[in-house]
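In my numbering, the protein residues as written are 2 to 202.
Inspection log for the structure reproduced underneath, given as C-alpha cells.
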C-alpha cells in the first residue's frame with residue numbers, strides 16, 4: 002500500500018496535465034482517445050518504468066496504433082507467433098538496460114524485477130525473459146485496457162448523462178446519504194462507486 006501511495010504524485014501530475022490540456026482546448030473538439038491514452042501511458046510509465054515512454058518517444062498515433070494492433074493479436078493467438086524478438090522492443094520501451102545500475106532513490110517496477118533477477122538467494126529463479134514478459138504484461142494491460150475502460154465509461158456517460166441534482170450533494174463528503182439505504186456497500190454493489198465508497202467505509 003505504501004508503494005502505491007508513494008506514486009500519488011505521478012497520478013496527480015498526469016491527471017492535472019490532462020485537465021489543463023482539456024481546458025485549454027475548449028471550446029474546440031478534442032480527440033479524447035489520444036488524451037486518455039497519454040494519461041494512462043504517463044501514469045503506468047512513471048510508476049512501472051520510471052518515466053513516460055510511448056507517447057513521448059513516438060510521433061502522433063504511431064505508438065497507440067502499434068499497441069492496439071498488438072492487443073488484437075494477443076486476443077487471438079500467442080504473442081510469440083507475432084513478436085519473436087519482442088525482448089528488444091520491451092528493453093527499449095521499459096529501459097531494462099538502463100536499470101542495470103546502483104539502487105535508485107525511487108525504485109520502480111523494473112528496478113524491483115531486476116533486483117529479484119540478480120538475487121540468487123531466492124528459491125525460484127527469475128530470468129531476463131521472465132522480466133520482459135512481466136513488463137510486457139504490465140505495459141499492455143496497464144495502458145491499453147485502462148484507457149479503453151476510461152473511454153468506454155466516458156462514452157457511456159455521454160450517451161446517458163446523469164443529473165447531479167438526483168444524487169443529492171454529489172460533490173460533498175456526506176456519509177449520512179447512505180443511512181436507511183438497502184445497498185450492501187461491502188459487496189459487489191456498484192451504485193456507490195460514484196461517491197468513492199472505499200474512502201467512506
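Every residue, glycine too, gets a C-beta built ideally from N, C-alpha and C.
query: Quick test of the definition: if touching needs 3 or more C-beta pairs under 8 Å, does the region 119-128 touch the region 137-156?; result: no
query: Hey, would you say residue 48 sits closer than 9 Å to residue 144, going by beta carbons?; result: no
query: In terms of alpha-carbon separation, which member of 146, 137, 133 lies closest to residue 40?; result: 146
query: Would you mind sorting residue 142 into buried or exposed? The rule is 16 or more other CB atoms within 10 Å of its CB.; result: exposed
query: Residues in the same chain with beta-carbon distance under 8 Å from residue 20, minus the five sequence neighbours each way, listed in chain order, please.; result: none
query: Suppose you measure from the CA of residue 23 to the CA of residue 128; what does that come to, to the nearest Å?; result: 43 Å
query: Mark residue 11 as exposed unless 16 or more other C-beta atoms lie within 10 angstroms of its C-beta, in which case mark it buried.; result: buried
query: At which residues does the alpha helix (DSSP H) containing residue 10 begin and terminate?; result: 9-26
query: Check each candidate in 32, 119, 139 and name the one with the smallest Cα separation from residue 110.; result: 139
query: How many Å lie between residue 33 and residue 43 at the Cα?; result: 15 Å
query: Nearest-angstrom Cα distance between residue 158 and residue 116?; result: 43 Å
query: Going by CA-CA distance only, name the one from 112, 149, 14 that's closest to residue 38.; result: 149
query: Grab the span of the alpha helix (DSSP H) containing residue 181 for me, first residue to last.; result: Neither: residue 181 is in no alpha helix (DSSP H) and is coded neither H nor E.
query: Can you tell me where the alpha helix (DSSP H) holding residue 148 begins and where it ends?; result: 147-160
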